[in-house]
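A.B. asks: In the numbering used here, the protein residues as written are 104 to 318.
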Amino acid sequence: MYSRKTALSRAKQYRTCPPSFIADDPRHQENMRQHREICPYCSSRIAEDIKVWEILATVLPKPEYKSEREIRKEILQGQLRYIRSDLGRWRGRYFYNTPLVLVLAAAGDVSEEVSVVQTYHDVYLAGPGDLILSDEQTGIGELFAECRNIYTVKASDLDMSQGQISSDIIEAIKSLQQFPEAYPDWALHPKPLTTDDARIAFREIEAETASVFKI
Numbered sequence: 104m105y106s107r108k109t110a111l112s113r114a115k116q117y118r119t120c121p122p123s124f125i126a127d128d129p130r131h132q133e134n135m136r137q138h139r140e141i142c143p144y145c146s147s148r149i150a151e152d153i154k155v156w157e158i159l160a161t162v163l164p165k166p167e168y169k170s171e172r173e174i175r176k177e178i179l180q181g182q183l184r185y186i187r188s189d190l191g192r193w194r195g196r197y198f199y200n201t202p203l204v205l206v207l208a209a210a211g212d213v214s215e216e217v218s219v220v221q222t223y224h225d226v227y228l229a230g231p232g233d234l235i236l237s238d239e240q241t242g243i244g245e246l247f248a249e250c251r252n253i254y255t256v257k258a259s260d261l262d263m264s265q266g267q268i269s270s271d272i273i274e275a276i277k278s279l280q281q282f283p284e285a286y287p288d289w290a291l292h293p294k295p296l297t298t299d300d301a302r303i304a305f306r307e308i309e310a311e312t313a314s315v316f317k318i
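1. When burial is assigned at 16 or more other CB atoms within 10 Å of the CB, is L179 buried or exposed?
2. Using the Cβ count rule (16 or more neighbours within 10 Å means buried), how would you classify I186?
3. Which class does V219 belong to by DSSP, given the choice of helix, strand or coil?
4. Would you mind reading off the limits of the alpha helix (DSSP H) that contains A304?
5. In angstroms, rounded to a whole number, what distance separates the CA positions of D96 and T222?
6. Considering only residues of the same chain and omitting the five flanking positions on each side of D271, which have a CB-CB separation below 8 angstroms?
7. Can you tell me which of S264, F198, K294, G230 puts its alpha carbon nearest to the alpha carbon of G242?
8. Label K257 either buried or exposed according to how many other C-beta atoms from any shown protein chain fall within 10 Å of its C-beta, with 16 as the threshold for buried.
9. By alpha-carbon positions, which one of I253, G195, A301, G181 ends up nearest to K108?
10. If we ignore side chains and look at the alpha-carbon of each, how far apart do S278 and C120 end up?
11. If distances are taken between C-alpha atoms only, which option among F247, Q280, D238, G230 comes closest to I253?
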């Protein structure tokens, strides 16, 4: 049976295990040795296992390189964009894969700073203050916005747009950042956190992920 503990296990792999092109690269051999010492998933890479690092190679889009002016012009409020996959990096003994973020405020003509909210695709891990969005609302599948996890990135760090959401959702996210119980009438209310809740550990992973990529 699928559970939050299972969802947390997958989230750890999705966020902090290197994709195969990193794991198999001799230049990362020492990093991989250290990573395997603490990672139960990568220390036993068996062919029949679900290899999240290989899935990531297909999920994360290839970066598009354009001038900074072109990038700033194309970034619009409400767009769903990955942070460029080539910006994934090691921090300590974990490799942080780039997240899908939602643009809350676009860069201006001069500034390259973009305000974003981090998202995650498995709503089993949504908690109080998170905003669950349906496939109809995102156009790319069900996910949730981590309204507590808003930060700034460079416009040039964002990849192509994956989808677009409406302005009322943007306003709901901003409201939930300030008041985590202020859900709009249409929104689902995630269950409260409990003692030893897997979502507590998940939030720690997400906060660390944000700290890697924010400016």
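We put the CB at the ideal spot given by N, CA and C, even for glycine. Please read all numbers here as calculations on a predicted model, not as lab measurements.
C.D. replies: The short version:
1. The count along the sequence shown starts at 1 and reaches residue 179 at position 76. Label assigned to L179: exposed.
2. Walking along the sequence shown from the start, residue 186 turns up at place 83. Here I186 is buried. Its C-beta has 16 or more other C-beta atoms within 10 Å.
3. Translated into positions along the sequence shown, residue 219 becomes position 116. In this structure, V219 counts as strand in the three-state DSSP scheme.
4. Looking up residue 304 in the sequence shown gives position 201. Where A304 is concerned, the enclosing alpha helix (DSSP H) stretches over 301 to 316.
5. Missing from the structure shown is residue 96; the chain here goes from 104 to 318 and no further.
6. The residue labelled residue 271 in the question sits at position 168 within the sequence shown. P287.
7. What you label residue 242 is simply residue 139 of the sequence shown in a count that begins at 1. With distances taken between Cα atoms, G242 lies closest to S264.
8. Numbered from its first residue, the sequence shown carries residue 257 at position 154. With 16 or more Cβ atoms within 10 Å of its Cβ, K257 is classed as buried.
9. As a first step, residue 108 must be located in the sequence shown, where it is residue number 5. Nearest to K108 by alpha-carbon distance, out of I253, G195, A301, G181, is A301.
10. If you number the sequence shown from 1, residue 278 lands on position 175. If you number the sequence shown from 1, residue 120 lands on position 17. Between S278 and C120, the C-alpha separation is close to 33 angstroms.
11. Indexing the sequence shown from 1 puts residue 253 at position 150. Selected option, being the one with the closest Cα: Q280.
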